[in-house]
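Q:
2 protein chains.
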Amino acid sequence: MQESATRIGIGDFAHACGVTPRTIRFYEERGLLPSQDRKERMNRSYSADLVKRVERIQQLQSLLGWSLEDIRQVLVLEDQVATLRQQYYQTDSLQDRYHVLQEAIDLTTEQLQRVNQRMKGLVKLQKDLEDKLAFYQTLRDDKKFSSARDGAEQ
Amino acid sequence: MQESATRIGIGDFAHACGVTPRTIRFYEERGLLPSQDRKERMNRSYSADLVKRVERIQQLQSLLGWSLEDIRQVLVLEDQVATLRQQYYQTDSLQDRYHVLQEAIDLTTEQLQRVNQRMKGLVKLQKDLEDKLAFYQTLRDDKKFSSARDGAEQ
DNA sequence: TACATATTTAACGTGTACGTAAAATCCGAA
DNA sequence: TTCGGATTTTACGTACACGTTAAATATGTA
Chain B
1 MQESATRIGI
11 GDFAHACGVT
21 PRTIRFYEER
31 GLLPSQDRKE
41 RMNRSYSADL
51 VKRVERIQQL
61 QSLLGWSLED
71 IRQVLVLEDQ
81 VATLRQQYYQ
91 TDSLQDRYHV
101 LQEAIDLTTE
111 QLQRVNQRMK
121 GLVKLQKDLE
131 DKLAFYQTLR
141 DDKKFSSARD
151 GAEQ
Chain W
1 MQESATRIGI
11 GDFAHACGVT
21 PRTIRFYEER
31 GLLPSQDRKE
41 RMNRSYSADL
51 VKRVERIQQL
61 QSLLGWSLED
71 IRQVLVLEDQ
81 VATLRQQYYQ
91 TDSLQDRYHV
101 LQEAIDLTTE
111 QLQRVNQRMK
121 GLVKLQKDLE
131 DKLAFYQTLR
141 DDKKFSSARD
151 GAEQ
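Same order as they appear, the protein sequences are chains B and W.
Sequential numbering from 1 applies to the first sequence in full-length UniProt numbering.
Sequential numbering from 1 applies to the second sequence in full-length UniProt numbering.
1) Rounded to whole angstroms, what is the Cα-Cα separation between Glu29 (chain B) and Phe26 (chain W)?
2) Where Ala134 (chain W) and Glu103 (chain W) are concerned, what is the direct C-alpha to C-alpha distance, given to the nearest angstrom?
3) Please say whether Leu75 (chain B) and Ile57 (chain B) have beta carbons closer to each other than 9 Å?
4) Cβ closer than 8 Å: which chain W residues qualify as neighbours of Gly133 (chain B)?
5) What number of angstroms, rounded off, separates the C-alpha of Ile105 (chain B) from the C-alpha of Glu110 (chain W)?
6) If you follow the alpha helix (DSSP H) that Asn116 (chain B) is part of, which residue opens it and which one closes it?
7) Does the separation of the CB atoms of Ser45 (chain W) and Gly9 (chain W) fall below 9 Å?
8) Quick check on Ser62 (chain W): does DSSP put it in helix, strand or coil?
9) Using a Cβ-Cβ cut-off of less than 7 Å, list which residues of the region 46–64 of chain W approach chain B; keep chain order.
10) Specify whether the region 46–53 of chain B and the region 13–22 of chain B touch according to this definition: at least 3 beta carbon pairs, one from each stretch, less than 8 Å apart.
11) If we define contact as Cβ-Cβ less than 9 Å, is Leu139 (chain W) a contact residue for chain B?
12) Please classify Val100 (chain B): is it buried, with 16 or more other beta-carbons within 10 angstroms of its beta-carbon, or exposed?
13) Taking 8 Å as the cut-off, is the C-beta of Lys127 (chain W) nearer than that to any heavy atom in the ligand COA?
14) So what does Ser47 (chain B) bridge to, in DSSP terms?
15) Just the chain B side, please: which residues come within less than 7 Å of Leu101 (chain W) by C-beta, in chain order?
16) Which chain B residues are close to Glu130 (chain W), counting only those with a beta carbon under 8 Å from its beta carbon?
17) How about the region 60–72 of chain B and the region 34–49 of chain B: do they share at least three Cβ pairs that are nearer than 8 Å?
18) Excluding the 5 residues flanking Pro21 (chain B) on each side, which residues of the same chain have their C-beta closer than 7 Å to its C-beta?
19) Could you list which residues in chain W have their beta carbon closer than 7 Å to that of Leu125 (chain B), in chain order?
20) In chain order, what residues of the same chain lie with their CB nearer than 8 Å to the CB of Leu33 (chain W), ignoring the 5 residues before and after it?
21) So, helix, strand or coil for Arg41 (chain B), using DSSP?
22) Since Leu63 (chain W) and Leu122 (chain B) should fall inside the 8 Å C-beta cutoff, what is the C-beta to C-beta distance between them, to a whole number of angstroms?
23) For Pro21 (chain B), report the span of its alpha helix (DSSP H) as first-last.
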């Protein structure tokens with residue numbers, strides 16, 4: 001029964017998220033952030049815990065290269081599960097609960113697969129780069145090059 | 001002294017790369033693929049080993065989320081080093097060789113840092129997803145839910 | 001209550017990475 | 001040599017993820 005926690009304006013909120021207000025409104029427009037029911041032209045306000053949600057959006061965007069629509073679908077399902085968790089035993093349809101959970105599991109599994117695929121690619125790329133780096137360094141420190149470098153130093 | 005190896009048209013080449021001819025021309029236009037010196041309206045032709053280059057472009061694009069301009073800079077430097085490797089001991093300026101190598105090393109190091117950063121993020125995301133998945137599965141397989149599920153099964 | 005500053009909606013603009021269409025031209029097989 | 005499909009250049013179009021501007025309105029402070 002707490003009074004509404006400290007809520008901040010879109011400027012401070014966006015700054016806390018490391019984005020611009022435009023981005024926040026854009027996310028709301030695309031259904032990634034909850035659209036508040038505010039009276040005509042009333043200003044938006046945010047609780048600080050929503051920052052995590054924006055950070056998660058950026059995470060999925062930069063790390064997995066997903067579109068905002070992809071991300072929205074993930075968030076929607078996560079929200080459903082969160083709701084389910086709150087209403088734990090009071091939910092009307094038990095079948096619905098089960099199905100939402102199953103959907104969440106399927107989606108999360110798919111996400112994990114994508115993550116693992118990326119991981120594989122990244123590991124390969126990492127190895128390639130390390131090999132390349134070692135090769136360059138070998139060339140650089142090669143005696144024939146060292147002598148050249150000596151010549152280059154003054 | 002081999003005669004020019006089997007060269008293929010842009011259609012087959014693009015297909016081998018898993019992209020469209022438009023993409024190939026676009027990459028050439030942006031300096032990611034060598035612009036061939038062909039007479040007026042002569043058709044482009046490609047040797048199959050160039051496929052690797054396009055695959056590398058896609059790799060950096062999808063795994064690191066780099067822009068084509070970023071990728072171009074990397075490729076240009078790699079090309080310089082490759083050239084250097086060919087001319088190994090016949091290069092005019094030894095200082096130039098050293099500087100190109102040093103640039104390549106710096107750039108590769110920077111790439112590695114970016115890769116490692118992404119890797120960290122991915123590992124974190126992976127862990128989050130695994131935890132989430134386990135949580136969902138626990139909820140689903142919870143006895144209170146199992147009984148609900150039993151009710152749902154006809 | 002006056003005022004400075006922040007926020008609002010609406011609309012158009014931007015950069016990236018291509019897609020698509022059209023008309024001319026090229027190239028290889030018959 | 002002729003013909004049909006592939007390729008050429010040119011140019012406009014598109015999807016995404018915001019940026020920018022402008023005019024009106026809201027909000028916090030003196």
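Backbone N, C-alpha and C define an ideal beta-carbon position, used for all residues, glycine too.
A: Let me lay it out:
1) 33 Å
2) Computed Cα separation, rounded: 46 Å.
3) In this structure, Leu75 (chain B) lies closer than 9 Å to Ile57 (chain B) by Cβ.
4) The amino acid at residue 133 (chain B) is misidentified as Gly; the sequence shows Leu. Ordered by position in chain W, the residues that pass the 8 Å Cβ test against Leu133 (chain B) are Ile105, Thr108, Thr109, Leu112.
5) 37 Å
6) For Asn116 (chain B), the enclosing alpha helix (DSSP H) begins and ends at 94–141.
7) yes
8) helix
9) Gln59, Ser62, Leu63
10) yes
11) yes
12) That one is buried.
13) As for the ligand COA, it is missing from this structure, which has no ligand bound.
14) Partner(s): B:Arg7.
15) Tyr136, Leu139, Arg140
16) Leu112
17) no
18) Within the same chain, Ile10, Gly11, Ala14 come within 7 Å of Pro21 (chain B) by CB-CB distance, once the 5 residues on both sides are set aside.
19) Gln59, Leu63, Val115
20) Taken in chain order, the residues that qualify are Ile24, Tyr27, Leu50, Arg53, Val54.
21) coil
22) Yes, they are in contact, since the Cβ atoms of Leu63 (chain W) and Leu122 (chain B) sit about 6 Å apart, within 8 Å.
23) Here the alpha helix (DSSP H) through Pro21 (chain B) covers 21–29.
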